[in-house]
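K.L.:
Take this structure first; my questions come after.
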């Protein structure tokens with residue numbers, strides 16, 4: 001039997017240059033030095049650390065932070081009618097709405113129904129903004145506040161009263177051109 | 001040639017004595033002597049078409065009734081509420097026995113032994129005349145059990161409606177007669193199979209039934225030679241509107257429309273021109289002056305895109321704005337729509353709203369397109385023909401008089417000081433104004 | 001009429017060959033191939049289509065105009081197009097028309113998310129509207145009734161609710177007022193729409209115009225879950241879907257089951273769910289301590305019950321109401337028979353019926369189904385009032401009469417709501433059912449003294465003869481719907497023999513669509529009997545080890561001191577049974593009264609020693625047996641209220657303490673044991689029962705039913721003659737659909753709580769000298785019921801009717817299950 005001839009199936013392997021020599025040294029440290037060039041350049045620029053919480057990063061106007069519920073400015077009635085569309089749209093299922101019927105003598109919202117319970121579990125919220133988009137009455141919007149840490153998980157369930165309250169202005173807004 | 005209206009103005013024709021002195025109730029004897037099948041055959045070969053509006057062959061309708069032995073009914077539709085139509089009133093008021101005789105002949109053909117005349121509530125005084133005539137006929141033995149010694153029995157009840165146009169629609173009429181709200185029923189089943197009290201029912205117009213005695217008397221052949229092909233016999237035409245001599249005229253079908261309007265009715269007042277005319281009551285699409293030379297018969301009217309309907313011609317001359325006619329017409333149908341089916345209920349209402357805006361100048365020419373499209377959406381989509389009855393004439397008015405609608409809007413806008421017209425293309429207007437993105441269009 | 005034969009035909013739908021039932025409507029036929037034709041006004045349940053909404057227009061080849069698919073019957077070779085431009089344009093046009101006057105308040109509307117109008121607008125609408133004029137306005141929302149709110153702005157005038165009221169429930173209350181675009185749904189004169197089936201219109205409404213006041217704004221469809229079960233409030237056992245949010249039932253919807261409920265529910269079934277979540281409900285064990293019932297721990301309550309019952313072993317009775325499941329019944333009868341050595345147990349309030357007769361009645365050949373009512377040639381409603389006893393059957397009978405030409409005969413003491421639909425209505429003296437069936441038997445057989453028997457029944461002999469003629473001449477399919485009331489009392493055996501004779505004379509056993517259908521007194525009456533809760537029968541209508549006392553005898557034995565303890569399962573004899581005096585004596589004499597109850601009723605407050613909280617039906621697991629033999633599953637929809645334990649576990653615990661071996665860990669294990677004990681249930685498995693139930697008569701094991709030793713026709717003995725009023729009045733009683741704790745505690749239904757009223761005929765009222773609304777006193781032997789007079793022209797002269805189980809002055813103050821004459825005088 002004739003031994004098998006690999007013939008044309010053989011592919012020549014391309015090998016790197018031999019190690020050692022000046023070329024070798026450059027190849028070993030050249031890229032590292034190139035990286036260090038950026039590092040040293042920044043060293044000259046000085047520190048860029050933001051001293052949070054003393055200093056805060058300003059956010060863009062469309063930044064999606066903590067939710068707010070709104071009232072009509074003229075009548076003071078809640079805009080939310082408790083339709084639950086936000087809860088339906090919420091991908092992390094963190095909104096709970098229980099509606100109730102308005103007493104015509106003592107209205108809470110402008111429509112026939114209002115949200116008797118409106119809770120957002122902020123520990124689950126992913127701040128996607130779908131609730132804001134789903135809302136047919138612009139009753140819920142995403143604010144700029146991102147400081148929501150707390151010592152207790154249950155304190156992260158925001159009730160309607162908390163969401164309706166005027167939030168403390170803690171987050172600087174980025175100005176034009178900034 | 002006058003058949004139905006012969007001697008119509010003779011005093012006392014509404015009494016049985018005078019009616020009989022003119023040969024009344026002779027046809028009945030002849031008809032009762034005939035076999036039922038022969039009588040239906042006779043009616044079919046006369047080619048009598050229904051005079052109520054739809055123009056369906058009367059004999060054929062009678063032949064649709066099942067032959068089985070069961071309770072069958074004959075109903076005379078005397079709910080004559082179509083604007084412009086007033087032929088039946090005169091027929092019933094002046095010659096009620098002609099109708100009763102026809103009814104008995106019809107009942108014999110349909111082998112019905114219970115008949116009703118459903119007369120519109122506003123014709124109360126006519127109903128009194130009918131009641132008296134029915135009593136006379138009953139006393140003379142033409143109604144009741146075994147009429148003239150034959151096996152045909154018939155009880156006849158004159159029933160007064162309560163003033164709803166929709167009850168002129170045959171199935172709504174049946175519901176109303178049964179004591180329910182007069183709403184049209186779904187067809188099929190047709191009344192010939194399941195009508196009054198679920199029994200087979202023959203429903204015919206007053207004029208149709210009044211013709212029967214003449215057909216029997218003259219023989220189908222002689223009668224059908226009157227008029228023209230497919231439109232045999234005579235027809236009572238109610239002419240109203242802007243003519244000098246409005247009224248009922250009995251004609252042989254097929255005469256020229258111009259002879260009717262200008263000849264018999266005297267044409268519009270001096271100095272005025274015919275602008276358009278309804279050839280068959282307010283639910284027929286309008287025709288214009290250029291159609292005046294058409295022969296007045298079923299086929300010619302249909303060929304011109306309209307219909308002969310109940311034979312009520314309403315002539316409108318050039319002093320009347322078309323918008324006024326359209327608004328009045330649409331309002332009538334809006335008020336008379338029963339509300340059962342969606343296109344008619346909402347479409348008539350919407351049309352009235354749009355016409356009101358057109359009339360006050362708040363509309364734009366685009367609204368005319370919307371209105372035309374709404375009429376299209378109503379046509380043929382409704383449960384009964386009431387929706388079509390508004391949609392078809394309004395459509396035809398927009399078709400023939402669109403420029404007038406547009407100038408009417410323009411004039412009303414100026415009159416009511418509503419400012420510049422909104423642009424028909426608001427999006428382009430914003431771009432071309434180029435004064436910033438928030439410039440108001442108005 | 002017998003069921004029509006269904007012929008399959010082939011037609012073309014959008015270019016596809018489809019085979020469907022001939023003459024079924026296109027809309028339904030299209031569903032066979034998943035083609036949805038949008039509809040608003042059409043609902044197969046409502047009968048004849050009306051073609052009002054015009055949404056379903058389709059193109060049928062050969063017909064110029066578009067046709068309504070809801071009313072076009074399918075014919076062989078028909079070519080239908082649902083997707084042409086013409087069709088699509090008409091659909092867009094109709095949606096546009098409908099939305100003209102429909103407010104876009106979907107976020108506020110309760111229907112939002114489950115709204116056909118929303119769905120159809122999304123699926124078939126044009127997406128925009130060209131209507132800019134102001135919409136129509138109405139005052140809203142208005143209360144159409146205390147249960148239903150109506151929002152006329154949202155109404156699209158599809159006529160469904162009006163047709164339901166006019167053609168299904170036949171209460172003729174809803175109408176359309178005005179006409180054209182101004183029409184609106186209302187009642188005549190604006191009075192509230194109160195009827196036993198009124199709230200079905202809420203479910204029928206394709207928009208949010210009719211909404212349930214109780215469910216108003218409670219939840220949106222995505223907040224809730226649906227859970228299928230059955231309603232256990234009456235023997236009709238309608239299939240329901242419970243809407244659950246946060247472990248609370250918020251709503252009850254029908255779960256269409258043609259063979260049980262036809263898709264309808266009564267208002268009691270629809271709203272009594274509220275009773276599960278009220279403060280009145282017992283949610284922890286109660287123990288009598290120092291004369292007062294006090295909440296105690298489960299351990300203590302169980303301990304007291306066990307010690308009380310075991311002490312009285314051999315001297316304990318058990319009385320069971322209707323809401324007990326087959327599994328609980330099986331465990332209870334084991335506890336009594338094996339654990340406590342007491343054969344005294346019963347589930348029939350009116351006393352025992354011979355075992356042989358039970359077996360004869362259960363004969364599969366003789367049993368009719370609910371659907372048989374609809375397709376029968378004739379239906380006899382005998383000594384029952386369907387609307388009170390099993391409401392949904394009332395609708396079935398009306399459907400049969402209206403749409404299928406069923407000839408209906410009603411034979412009852414009290415005027416029936418079905419009289420207007422009946423070909424023949426026959427009245428007999430209260431309690432004289434035995435004489436009536438005997439007279440009917442005589443009239444059918446042509447032998448015997450019809451006149452004498454009819455006189456004994458207090459019925460008109462000509463009517464009895466007419467009834468016999470009607471039933472024998474109508475056709476072979478005759479269904480007799482009879483109430484358990486007929487077999488009550490000491491002569492119940494004789495009445496049932498008469499009934500079986502009538503059945504055999506009419507050859508009901510030989511026709512498929514014919515038979516007897518009993519409405520038992522309890523919701524699961526049939527299941528309880530077949531599970532062995534009878535004084536004279538063990539599980540599967542088998543021989544009991546030892547025959548025990550029946551319900552009245554248990555009462556008497558307790559009162560006499562022969563029994564000292566009693567187990568009350570879901571019943572309060574003082575409220576529910578005849579002879580209130582006897583039961584009050586009996587229970588006060590008993591040393592131990594153990595009860596399972598959901599609510600405190602008068603008898604329990606007074607006499608119970610231990611009360612275990614009963615599960616609500618939404619919490620319960622188990623099986624029920626429908627009057628026509630269909631075993632249905634009850635599935636838990638919510639977890640138990642805090643403090644409530646599964647009742648089968650309570651029973652199992654007591655069984656164990658009484659020395660029985662209990663190896664059950666789950667309800668299905670109990671069911672298995674039950675199936676093993678009931679030979680004719682042998683082929684049933686929970687899987688096969690599934691969500692639709694299964695009739696045991698249709699399984700092969702039905703042949704295992706023990707056969708009766710004696711068969712009809714029986715030799716009947718002469719029934720006692722009906723009492724002659726002679727100045728006083730015959731007393732008849734009835735139990736209203738609204739009687740019961742569930743209605744009394746449900747906030748939505750409270751307005752329907754029945755109050756006692758004395759139903760008199762105008763003649764008798766005149767004789768006594770009282771008028772409508774006057775207060776009278778009805779007395780018998782010193783006991784009295786004091787109530788207002790209701791004059792009813794249809795009440796036969798010489799008879800007075802009182803309601804059972806009312807909140808005060810109930811009829812059982814005067815009754816003991818036997819016919820009685822009472823005095824009525826102005827109070």
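Chains as they are written, first to last, in my numbering: chain A, 1 to 178; chain X, 1 to 442; chain C, 1 to 827.
All C-beta atoms, glycine included, are put in the ideal place defined by N, C-alpha and C.
Helix, strand or coil for residue 67 of chain A? Go by DSSP, reduced to three states.
P.N.:
strand
K.L.:
For residue 439 of chain X, is the classification buried or exposed, using 16 other Cβ atoms within 10 angstroms of its Cβ as the cut-off for buried?
P.N.:
Note that residue 439 of chain X scores a pLDDT of 37, beneath 50, so its modelled location is shaky; the value from the coordinates is reported in the next line. That one is exposed.
K.L.:
Mind checking who residue 20 of chain C pairs with in its DSSP beta bridge?
P.N.:
C:9
K.L.:
Going straight from the alpha carbon of residue 142 of chain C to that of residue 406 of chain X, what length do you get?
P.N.:
Taken atom to atom, the span from the alpha-carbon of residue 142 of chain C to that of residue 406 of chain X is near 44 Å.
K.L.:
Measuring only the C-alpha atoms, how far is residue 396 of chain X from residue 103 of chain C?
P.N.:
32 Å
K.L.:
Determine, using beta carbons only, whether residue 50 of chain C comes closer than 8 Å to chain X.
P.N.:
yes
K.L.:
Just to confirm, are residue 50 of chain C and residue 56 of chain C a CB contact at a threshold of 8 Å?
P.N.:
no
K.L.:
Quick one: which unbroken beta strand (DSSP E) runs of 3-plus residues sit fully inside the region 26-82 of chain C? Chain order, please.
P.N.:
Those beta strand (DSSP E) runs which fall completely within the region 26-82 of chain C and span 3+ residues are 57-60 and 79-81.
K.L.:
Can you look up residue 140 of chain C in the DSSP assignment and give me helix, strand or coil?
P.N.:
coil
K.L.:
With a Cβ-Cβ cutoff of 8 Å, do residue 215 of chain C and residue 250 of chain C count as a contact?
P.N.:
yes
K.L.:
For residue 34 of chain X, which three-state DSSP category applies?
P.N.:
coil
K.L.:
Going by DSSP, name the residue or residues bridged to residue 159 of chain X.
P.N.:
X:118
K.L.:
What does a CB cutoff of less than 7 Å around residue 729 of chain C pick up in its chain, not counting 5 residues either side in sequence?
P.N.:
Correct list, in chain order: 764, 798, 799, 800, 821, 822 and 824.
K.L.:
Tell me which same chain residues have a C-beta within less than 7 Å of the C-beta of residue 316 of chain X, skipping the five on either side of it?
P.N.:
Only 241, 242, 275, 276, 277 and 325 meet the Cβ criterion.
K.L.:
Can you tell me whether residue 482 of chain C is buried or exposed, with buried defined as 16 or more other CB within 10 angstroms of its CB?
P.N.:
buried
K.L.:
Kindly list, in the order they appear in chain X, the residues whose Cβ is closer than 8 Å to that of residue 133 of chain C.
P.N.:
Result: 350, 353, 354 and 357.
K.L.:
When you compare the CB of residue 100 of chain C with every CB in chain X, is at least one pair closer than 8 Å?
P.N.:
yes
K.L.:
Is it buried or exposed, residue 2 of chain X, if we count other Cβ atoms within 10 angstroms and call 16 or more buried?
P.N.:
Taking a 10 Å sphere around the C-beta of residue 2 of chain X, we find fewer than 16 other C-beta atoms and assign the residue as exposed.
K.L.:
Can you look up residue 175 of chain C in the DSSP assignment and give me helix, strand or coil?
P.N.:
strand
K.L.:
At least one CB of chain A closer than 8 Å to the CB of residue 141 of chain C: is that the case?
P.N.:
yes
K.L.:
Anyone know if the C-beta pair for residue 391 of chain C and residue 266 of chain C falls short of 8 Å?
P.N.:
A contact, by the Cβ cut-off of 8 Å.
K.L.:
CA-CA distance, residue 649 of chain C and residue 102 of chain A?
P.N.:
Residue 649 of chain C and residue 102 of chain A have their alpha carbons spaced roughly 44 Å apart.
K.L.:
Rounded to whole angstroms, how far is the Cβ of residue 164 of chain A from the Cβ of residue 71 of chain A, which I believe are closer than 8 Å?
P.N.:
7 Å
K.L.:
With a threshold of 8 Å between beta carbons, is residue 66 of chain C in contact with chain X?
P.N.:
yes
K.L.:
Could you please give me the residues that DSSP links to residue 596 of chain C through a beta bridge?
P.N.:
C:569 and C:612
K.L.:
Quick one: Cα of residue 130 of chain A to Cα of residue 62 of chain A, how far?
P.N.:
14 Å
K.L.:
Does the region 305-316 of chain X come close enough to the region 79-99 of chain X to have 3 or more Cβ pairs within less than 8 Å?
P.N.:
yes
K.L.:
Tell me whether the beta-carbon of residue 508 of chain C lies closer than 8 Å to the beta-carbon of residue 714 of chain C.
P.N.:
no
K.L.:
Tell me the residue span of the alpha helix (DSSP H) that contains residue 130 of chain A.
P.N.:
For residue 130 of chain A, the enclosing alpha helix (DSSP H) covers residues 130-134.
K.L.:
According to the neighbour-count rule (16 or more other Cβ atoms, all chains shown, within 10 Å of its Cβ), is residue 251 of chain X buried or exposed?
P.N.:
Counting Cβ neighbours within 10 Å, residue 251 of chain X comes out buried, since at least 16 surround it.
K.L.:
Looking at C-alpha atoms only, which residue of C:607, C:173, C:641 and C:431 is the closest neighbour of residue 617 of chain C?
P.N.:
C:641
K.L.:
Secondary structure at residue 19 of chain X, three-state DSSP: helix, strand or coil?
P.N.:
helix
K.L.:
Roughly how many whole angstroms lie between the Cα atoms of residue 139 of chain C and residue 104 of chain A?
P.N.:
13 Å
K.L.:
Check whether the region 431-447 of chain C and the region 716-731 of chain C touch, using three or more Cβ-Cβ pairs below 8 Å as the test.
P.N.:
yes
K.L.:
What does the Cβ neighbour count give for residue 213 of chain C, buried or exposed, with the cut at 16 atoms within 10 Å?
P.N.:
buried
K.L.:
State the beta-bridge partners of residue 538 of chain C as determined by DSSP.
P.N.:
C:542
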